[in-house]
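Since the structure comes first, as structure tokens, the remarks are kept for the end.
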Amino acid sequence: METAAILTLAITGASGAGVARALLTLLERDARVAHVDLVASPHGLRVAREELDLPEGTLDQLAHRLLGRPAHKTEVHDDRNIGASIASGSYPSQGMIVAPCSMGTCAAVAHGLADSLIERAADVCLKERRRLILAVREAPLNRIHLQNLLAASEAGATIFPLVPAFYDGALTAEAMTAQFAARVLEHVGLPQPGVFQWQGQRPRQA
Ligand SMILES: Cc1cc2nc3c(=O)[nH]c(=O)nc-3n(C[C@H](O)[C@H](O)[C@H](O)COP(=O)(O)O)c2cc1C
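Take a look at the structure:
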């Protein structure tokens with residue numbers, strides 16, 4: 018990425034809030050990133066609270082609560098604020114990561130719904146031909162899910178299922194989450210140091 022990045026991170030109500038936390042942590046500490054727009058759906062907030070034991074707080078404090086320390090470059094938006102910066106194609110965002118992405122949000126994106134800020138910002142990414150990553154998580158997938166995934170992909174989104182790799186020697190959920198987050202960031206032009214690269218055989222365990 019040549020210029021300092023402005024990226025959107027959206028959290029929706031699928032399981033996997035730890036991935037959103039890992040992504041925000043990496044984005045906050047990345048010198049190539051100038052600004053992060055963070056938005057969570059109401060269901061995303063609910064699931065994140067349950068999965069991460071988030072401390073109580075206001076929406077404004079969401080980034081701080083996810084990171085466990087003050088955020089320096091993250092602006093939190095209300096999902097109901099359809100007038101936020103990221104709702105417009107004129108805002109110079111380079112792309113958007115929805116992680117975790119529920120099948121509900123995937124369906125909305127696939128069909129061009131734009132009722133919430135997350136849906137609208139994703140729609141803007143597609144119309145402006147910007148990167149849109151959908152880290153969907155559901156199992157098993159029904160026919161409607163599969164059709165929506167194909168429709169979103171054909172519209173320009175990258176379907177990046179929240180599925181960890183098992184060949185990289187990462188044995189803990191935390192390590193798998195970190196590797197997954199790093200792989201997602203590679204796809205938005207932010208390769209991460211230390212990320213696992215396959216060298217022809219599985220690394221030996223220490
Ligand atoms: C604890 C919990 C876990 C959930 N996990 C998933 C999931 O992994 N994938 C999914 O598509 N929906 C999941 N859901 C259901 C979504 O939260 C629900 O469909 C919601 O309407 C999604 O709304 P949103 O896309 O606006 O966030 C979960 C709900 C709860 C309460």
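Per the working numbering, the very first residue in the sequence shown carries number 18; after that it's consecutive.
Even for Gly, the Cβ is constructed at its ideal location relative to N, Cα and C.
Let me know the beta strand (DSSP E) ranges lying completely inside the stretch 115 to 166, each 3 residues or longer, listed in chain order.
-> 148 to 153
Any 3 or more C-beta pairs closer than 8 Å across the stretch 186 to 200 and the stretch 28 to 47 | yes
Which term fits residue 77, buried or exposed, when burial requires 16 or more other beta carbons within 10 angstroms of its beta carbon?
-> exposed
For the alpha helix (DSSP H) that residue 204 lies in, which residues bound it at each end?
-> 190 to 204
What span of residues does the beta strand (DSSP E) with residue 55 cover, start to end?
-> 50 to 57
Does ligand 1 have a heavy atom nearer than 8 Å to the CB of residue 113?
-> no
Can you tell me the Cβ-Cβ gap for residue 112 and residue 205, rounded? I've got them flagged as a contact below 8 Å.
-> 5 Å
Rounded separation between residue 110 and residue 63 - CA only | 27 Å
Cβ neighbour criterion (16 or more within 10 Å) applied to residue 117 = buried
Excluding sequence positions up to five away, which residues of its chain have a Cβ less than 8 Å from the Cβ of residue 187?
-> 181, 193, 195, 196, 213
Would you give the residue range spanned by the alpha helix (DSSP H) that residue 212 belongs to?
-> Careful: residue 212 lies outside any alpha helix (DSSP H) and carries neither H nor E.
Any beta-carbon of chain B closer than 9 Å to the one on residue 156?
-> Protein chain content of the structure displayed is limited to a single chain, and chain B is not contained in it.
Would you mind sorting residue 40 into buried or exposed? The rule is 16 or more other CB atoms within 10 Å of its CB.
-> buried
Where the alpha helix (DSSP H) through residue 44 begins and ends = 34 to 46
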